[in-house]
Amino acid sequence: MIDRLIHHVDTAYRWLCQQRKHFPANSDVWDLRFHWDQIQPDLIAQLRGNRYLFSPQQQVIKQDGEYIHLWTSQDSIVLKALTLVLADLLPASRLCTHLKGHGGAKQTVNTIYQELSGNAFVFRTDVKSYYQSINHERLLDRLEKHIDDKIVINLLGQYLKRSVDKGGVFLTHRQGISSGCPLSPLIGSFFLYELDQAMEQQPLFYRRYMDDIIVLASTRWKLRKAIRSVSQVFERLGLEQHPDKTFIGRIEKGFDFLGYQFGEGKLTVSARTHQNHIRRYTRLYEQKLRQRSSREDILACLERYRRRWIQWAFAGLPPSTLHVDLLHDLQGFTMNSALQSQPHKT
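Numbering follows our numbering, in which position 244 of the sequence shown is assigned residue number 557; successive positions increment by one, without gaps.
Okay, structure coming up:
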């Protein structure tokens with residue numbers, strides 16, 4: 314297996330160059346690219362000899378003020394290579410649709426809409442703080458059933474028990490997996506694989522998009538059995554349903570899933586998704602004001618953003634499927650009045 318991992322190192326390097334091509338000049342990616350011919354053989358030797366050690370993640374601040382934990386460029390190459398190897402090795406259900414080649418979000422939304430008429434009841438939930446809740450020991454126990462290479466297991470153990478450098482203070486994680494990492498979506502899918510297996514055996518509709526779970530059933534009995542199965546798997550894995558994102562009831566009452574609102578014979582963008590759009594729209598407007606852009610530039614920028622958002626909302630769905638109740642020209646936020654009420658110099 315380590316030979317397969319090493320085989321993917323150059324592919325992972327090219328992926329990294331593409332992912333970080335817009336990183337600032339002081340990023341370590343530029344030094345790695347300049348010295349790659351010297352770094353690559355040493356990296357391969359460390360991997361083959363089971364001597365590779367991950368560096369602590371760096372805590373950095375994005376332009377919007379959000380803190381993120383960033384792997385070094387070399388560690389990211391190793392993690393991407395691991396992802397490429399494990400994608401062909403770890404079992405995955407076709408009903409877990411966030412994985413590449415399994416349909417994606419829009420196909421999932423469309424499939425759910427088509428299934429509404431044949432069912433009466435819905436159970437929708439997700440895991441509370443999913444990435445942060447994954448137990449390392451439970452995960453490694455399950456990984457070792459499919460991976461017999463001690464070098465790969467060692468790398469996975471380091472990935473899980475990662476350290477973060479917060480300005481010279483080092484924090485070691487004893488639970489949870491890293492966000493913003495190419496390996497984490499695959500690991501997140503695998504950890505709930507036994508839920509997919511349990512639900513595949515039941516006579517109902519089931520889909521999972523990472524930790525977003527939906528069940529449609531024709532009878533209350535089938536729905537209750539599905540809810541019991543989900544609860545049992547969650548208990549074994551040490552996971553908890555998110556109380557604010559769990560809904561059990563009749564489909565006709567309506568429910569949200571993956572950013573869309575289902576029910577009453579129609580599909581539309583959910584109120585939460587629309588509110589997030591308004592929030593980003595307003596933030597973009599305020600950013601342009603701080604940049605002292607002209608009124609015409611502001612309106613043009615906002616119109617481009619609005620069009621992109623509407624294009625996203627309709628993308629992947631049949632034109633006749635999506636109702637446009639929430640896709641009109643932002644009735645709750647009139648840009649002309651906002652521009653008139655804000656002091657601004659062109």
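Ideal Cβ positions, reconstructed from N, Cα and C, are used throughout, including at glycine.
Own chain partners of residue i with C-beta closer than 8 Å, once the 5 adjacent residues on each side are dropped
i: D462; result: M314, I315
i: G645; result: For G645, the predicted model reports a pLDDT of 43, less than 50, meaning its position is unreliable and no value from the coordinates is stated.
i: K538; result: Q515
i: T634; result: N423, Y426, L580
Where the beta strand (DSSP E) containing residue i begins and where it ends
i: V373; result: 370–374
i: K579; result: 579–582
i: F518; result: 518–522
i: K479; result: 476–479
i: L484; result: 482–485
CA-to-CA distance, residue j to residue i, given in whole angstroms
i: L552; j: V543; result: 10 Å
i: I466; j: A584; result: 43 Å
i: D478; j: G501; result: 24 Å
i: R533; j: N448; result: 33 Å
i: R563; j: G576; result: 9 Å
i: R605; j: I611; result: 9 Å
i: K601; j: H348; result: 40 Å
i: W343; j: F503; result: 33 Å
i: L345; j: T385; result: 10 Å
i: R596; j: K375; result: 15 Å
Close Cβ partners of residue i (< 7 Å) along its chain, the five nearest in sequence each way excluded
i: P516; result: K535
i: T324; result: L397
i: W328; result: K393
i: V373; result: I381, L383
i: R361; result: I315, I319
i: L571; result: A418, T421, V422, Y522, D525
Contact belief for residue i with residue j at Cβ below 8 Å, rounded distance in angstroms
i: S368; j: Y444; result: Between Y444 and S368 the Cβ distance is about 21 Å, and since that is not below 8 Å, they are no contact.
i: K334; j: G629; result: That pair is no contact at about 27 Å.
i: Y573; j: V422; result: 5 Å
i: L399; j: L499; result: 6 Å
i: H459; j: L402; result: 6 Å
Cβ-heavy atom distance, residue i to the ligand ATP, below 6 Å
i: L356; result: Annotation note on the ligand ATP: not contained in the displayed structure, which lists no ligands.
For residue i, the first and last residue of its enclosing alpha helix (DSSP H)
i: Q351; result: 349–361
i: H335; result: H335 -> no alpha helix (DSSP H), and no H or E assigned at all.
i: F571; result: Residue identity check: residue 571 is Leu in the sequence provided, not Phe. No alpha helix (DSSP H) contains L571, which DSSP labels as neither H nor E.
i: T424; result: 417–428
i: L452; result: 449–457
Neighbourhood of residue i by C-beta distance below 6 Å, restricted to the same chain and skipping five residues each side
i: S389; result: L329
i: K558; result: D439
i: N649; result: Bear in mind that the predicted position of N649 carries a pLDDT of just 49, short of 50, making it unreliable; the figure below should be weighed with that in mind. Cβ neighbours of N649 beyond the five flanking positions: none.
Short CB-CB distance (under 7 Å) between residue i and chain C
i: C409; result: The chain inventory of the structure shown lacks chain C, comprising one protein chain alone.
Is there contact between the segment 469–476 and the segment 484–498, where contact requires at least three CB pairs shorter than 8 Å?
yes
At least three beta-carbon pairs within less than 8 Å, the segment 426–444 to the segment 516–535:
yes
Touching or not, the segment 406–422 and the segment 503–515, by the rule of three or more beta carbon pairs under 8 Å?
yes
Pairing CB atoms from the segment 413–430 with CB atoms from the segment 357–376, are three or more of them under 8 Å?
no
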